[in-house]
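All remarks here apply to the structure that follows.
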Amino acid sequence: MPELPEVEVTRRSFADRIAGARIESVRLGKALRWPLGCDPALLAGRRVQAVRRRGKYLLLDLDRGLLLLHLGMSGSLRFDAGLPPAAVHDHFDLVTDRGVLRLNDPRRFGAAVYCESEQSAECRKLLGALGVEPLEDGFDAGAFHAALKRRQAPIKQVLLAGDVVVGVGNIYASEALFLAGIRPTLPAARISRPRAAKLHAAVRDVLARAVAKGGSTLRDFSNAQGESGYFQLEAMVYGREGEPCRVCGTPIRMIRQGQRATFYCGQCQKT
DNA sequence: AAAAGCCCCTGGATGC
DNA sequence: TGCATCCAGGGGCTTT
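Taking the working numbering, the leading residue of the first sequence gets 8, the next gets one more, and so forth.
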C-alpha cells in the first residue's frame, strides 16, 4: 500500500503530536520482518524528539538512538490516546504519555527496528544504499540522467529499485512513465537527456500531487489519525488494463516486469 | 557492479 | 457454499 506519498502523509499526521512524548512501554505482537533489535524495556523513559522520513522508512529520533519503522506492503500507523486493545494484526505498540503509536500490518512485511545511531551498522544496512529524495533539491535532472546512463535494466525496474531515486513504488512508477511518455521496458541507459528531464519532472509531479492530496490510494490507506486520503488519485494507467487510455483511447496494456505488474499505453508510450 | 529471481505473509477476489 | 488459485502498493538476500 504505502509509497512515498502515503508514508509522508502518515508522518505529517503524527510527527508534531508525538514530538516530546515520553515512551512508557513497547508491546510486540507477532514477528514483523525483523526483530526489534533491542530489549523493549530499554526504550522506556526515552523521549521521541522528531519524526523524519527517508524513502519509505520513518525515522523516530529518540533522545538516544532511533527507531526505524517501515510499513511494508500492508502496514499502517495510528497514533492516538485511547486506542482500543490491540487486535490481530497490531504487531507493534509504542506506548507513550501522549498516546499509542500502533503499527497494524496484516502481511507483516513491515518493520520496527531500533538503532543506536544512524551510523550504526544496522541502520546503514537498511538506509545506506538508498537513492536521492525525489521531492528535495538533491534530485537533479542532470544527475538523474547520468545515473540512468549507467543502467541497462528496464527503466520501470530502475525506478522501482530505489537506489537511484527513492519512494517510487509500483503504482507511481507506471504513472510517472505514462506522464513522461516513456515505455516501461526501455533500458534506462537509452533515455535521452531531454526525456530524462521529462521523467524527472513527472516523478516529482506525481509524488508531490499525491502528498498534497493526502495520499492517493487505490484501496484503503489512512493516516495516523485514521483519516482516509480524501481523494483518490485518478490513475492514468495503473490497474486499468483493457480500459481506454485517458489521453488517446487506446486500450491500456499490462505486462510483468520482475514479478510486478506494469501498465502503459502502447500509443502514448511508444519508445 | 548490476541484473534477475526468490521469498517473507495474509486476505480478498475470482473461478470451478 | 466450499475449495483452489491467483494476486496485491516492498525490498533484502542470494544467485547469476
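Beta carbons: idealized from backbone N, C-alpha and C, even for Gly.
For this session: State the CB to CB distance for the pair Met243 and Glu182, rounded to an integer number of angstroms; the pair is presumed to be in contact (CB under 8 Å).
Result: Here residue 243 corresponds to residue number 236 of the first sequence, with the count starting at 1. Here residue 182 corresponds to residue number 175 of the first sequence, with the count starting at 1. About 6 Å separates the two Cβ atoms, so the contact holds.
Problem set entry | Residue of His96, Thr103, Leu78 and Ser83 minimising C-alpha distance to Gly89 | On the first sequence, residue 89 is found 82 positions in, with the first residue counted as 1. Ranking His96, Thr103, Leu78 and Ser83 by Cα distance to Gly89 puts Thr103 first.
For this session: Output yes or no for whether 9 Å exceeds the beta carbon distance between Val120 and Leu69.
Result: If you number the first sequence from 1, residue 120 lands on position 113. If you number the first sequence from 1, residue 69 lands on position 62. Taking 9 Å as the Cβ cut-off, Val120 and Leu69 do not qualify as a contacting pair.
For this session: Below 8 Å CB to CB, which residues in the same chain sit around Arg40 once its five sequence neighbours on both sides are set aside?
Result: Position 33 of the first sequence holds residue 40. Spatial neighbours of Arg40 in its own chain (CB-CB distance under 8 Å, excluding positions within 5 residues in sequence) are listed in chain order as His77, Gly79, Arg115, Phe116, Gly117 and Ala118.
For this session: State yes or no: is the C-beta of Leu193 within less than 9 Å of the C-beta of Thr278?
Result: As a working note, residue 193 is residue 186 in the first sequence. As a working note, residue 278 is residue 271 in the first sequence. In this structure, Thr278 lies closer than 9 Å to Leu193 by Cβ.
For this session: Select from Arg18, Lys156, Glu31 and Gln164 the residue whose C-alpha is nearest the C-alpha of Arg263.
Result: Numbered from 1 along the first sequence, position 256 holds the residue referred to as residue 263. Checked all of Arg18, Lys156, Glu31 and Gln164; the closest Cα to Arg263 is Gln164.
Exercise. Ala208 and Ile162 look like a contact to me (Cβ under 8 Å); what is the Cβ gap, rounded to whole Å?
Worked result: The residue you call residue 208 lines up with position 201 of the first sequence. The residue you call residue 162 lines up with position 155 of the first sequence. Ala208 to Ile162, Cβ: 15 Å. No contact.
Exercise. My guess is that Gln276 and Leu214 are in contact by the Cβ rule of under 8 Å, so how many angstroms apart are they, rounded?
Worked result: If you number the first sequence from 1, residue 276 lands on position 269. If you number the first sequence from 1, residue 214 lands on position 207. In fact, because the Cβ distance is near 19 Å, the residues do not count as touching under 8 Å.
Exercise. Taking Cβ positions, are Ala204 and Ala153 nearer each other than 9 Å?
Worked result: For the purposes of this step, residue 204 is taken as residue 197 along the first sequence, with counting starting at 1. For the purposes of this step, residue 153 is taken as residue 146 along the first sequence, with counting starting at 1. Cβ distance not < 9 Å, so Ala204 and Ala153 don't count as in contact.
Exercise. Taking the alpha-carbon positions, what's the Glu125 to Lys220 distance?
Worked result: Indexing the first sequence from 1 puts residue 125 at position 118. Indexing the first sequence from 1 puts residue 220 at position 213. Roughly 31 Å between the two C-alpha positions.
Problem set entry | Test item: CB-CB of Gly72 and Glu123 under 9 Å | Taking the first residue of the first sequence as 1, we reach residue 72 at position 65. Taking the first residue of the first sequence as 1, we reach residue 123 at position 116. Yes, the pair counts as a contact, with Cβ atoms nearer than the cut-off.
Exercise. If you compare alpha carbons, which of Thr17, Glu248 and Pro9 is closest to Gln232?
Worked result: The count along the first sequence starts at 1 and reaches residue 232 at position 225. For Gln232, the nearest C-alpha among the options comes from Thr17.
Problem set entry | Unbroken beta strand (DSSP E) run spanning Val210, endpoints | As a working note, residue 210 is residue 203 in the first sequence. Run containing Val210: none in the beta strand (DSSP E); it sits in the alpha helix (DSSP H), Arg200 to Ala219.
Exercise. Roughly how many whole angstroms lie between the Cα atoms of Lys156 and Ala168?
Worked result: Against the first sequence, residue 156 aligns to sequence position 149. Against the first sequence, residue 168 aligns to sequence position 161. Near 15 Å, if we compare the C-alpha coordinates of Ala168 and Lys156.
Problem set entry | Where the alpha helix (DSSP H) containing Ala242 begins and where it ends | Within the first sequence, the letter at position 235 stands for residue 242. Unbroken run through Ala242: none, as it is neither H nor E.
Exercise. Apart from the five residues just before and just after Ala187, which ones in its own chain have a Cβ nearer than 6 Å to its Cβ?
Worked result: In the first sequence, the residue the question calls residue 187 occupies position 180. So the list reads Lys205, Leu206 and Ala209, once near-sequence residues are dropped.
Exercise. Quick one: Cα of Asp97 to Cα of Gly135, how far?
Worked result: Position 90 of the first sequence, counted from the start, is the residue given in the question as residue 97. Position 128 of the first sequence, counted from the start, is the residue given in the question as residue 135. So the two alpha carbons sit approximately 28 Å from each other.
Problem set entry | Pairwise C-alpha distance: Ala180 and Glu250 | As a position in the first sequence, residue 250 is number 243, starting the count at 1. As a position in the first sequence, residue 180 is number 173, starting the count at 1. Approximately 19 Å between the Cα atoms of the pair.
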